[in-house]
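Colleague:
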Amino acid sequence: FAPDLAALYQQANLVVVPIHSGGGTNIKVLEAMAYGRPCLVSSFVAAAYGNQFSDGKEMLVATSASDFVAKTVAALRVPTSLQMVASVGHLAVNKYFTHPLFKSRVTDLAKAVMMKSVTQHG
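Counting from 1, position 2 in the sequence shown corresponds to residue 12 in the working numbering; the numbering is continuous, with no gaps.
(1) Going by C-alpha distance, which of 24, 56, 19 is nearest residue 35?
(2) Terminal residues of the continuous alpha helix (DSSP H) containing residue 18?
(3) Quick one, are the C-beta atoms of residue 79 and residue 53 less than 7 Å apart?
(4) Let me check one thing: in DSSP terms, what residues is residue 27 bridge-paired to?
(5) So, is residue 110 buried or exposed, given that buried needs 16 or more other C-beta atoms within 10 angstroms?
(6) Kindly give me the distance between the Cβ atoms of residue 25 and residue 42, rounded to whole angstroms, as I take these residues to be in contact under 8 Å.
(7) Would you identify the three-state DSSP class for residue 71, choosing helix, strand or coil?
(8) Around the C-beta of residue 28, are 16 or more other C-beta atoms found within 10 angstroms, so that it is buried, or is it exposed?
(9) Which same chain residues, not among the five before or five after residue 86, have their C-beta less than 8 Å away from its C-beta?
(10) Under 6 Å Cβ to Cβ from residue 44, same chain only, skipping five residues before and after it: list those, please.
(11) At a cut-off of 6 Å, is residue 124 close to the ligand FMN when judged by its beta-carbon and the heavy atoms of the ligand?
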């Protein structure tokens, strides 16, 4: 438990997510980006977002352990490029992952499922 999550994110120069299975961490990546923090994620995590984010633009993507090390060191050496990734990622999260957009998509999906059920069962 973190008593002040915003303060912890504010202190982070880079959020590193070396996950290679599962899906629960993906929401934490969006959370970090919403707080304006740059993220370095595994290609597995990046794949969960399809084409929504790209390496070097909204986030950094590593394909191996050595790639994680190299990209972490490179990112921390050039804070201006890291801040650019953070800014673009933040804008993307605020554009594509808003509560109203989520609500709209869930509503549309529920309507489609209900219509299909009515059509199939009369």
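Yeah, the Cβ is synthetic: ideal placement off N, Cα and C, and Gly gets one too.
Modeller: So, to answer that:
(1) Comparing alpha carbon positions, the residue from 24, 56, 19 closest to residue 35 is 56.
(2) Residue 18 -> alpha helix (DSSP H) spans 15-21.
(3) Between residue 79 and residue 53, the gap from beta carbon to beta carbon reaches 7 Å or more.
(4) For residue 27, the pairing in a beta bridge is given by DSSP as 51.
(5) Using a 10 angstroms sphere on the CB of residue 110, the tally of other CB atoms stays under 16, which defines it as exposed.
(6) Yes, residue 25 and residue 42 are in contact; Cβ-Cβ is about 4 Å, under 8 Å.
(7) Per DSSP, reduced to three states, the secondary structure at residue 71 is strand.
(8) Exposed: under 16 other Cβ atoms inside 10 Å.
(9) So the list reads 23, 24, 92, once near-sequence residues are dropped.
(10) If the five residues before and after residue 44 are omitted, its C-beta is found closer than 6 Å to the C-beta atoms of 103, all from its own chain and listed in chain order.
(11) In the structure shown, the ligand FMN is absent, as is every other ligand, since no ligand is present at all.
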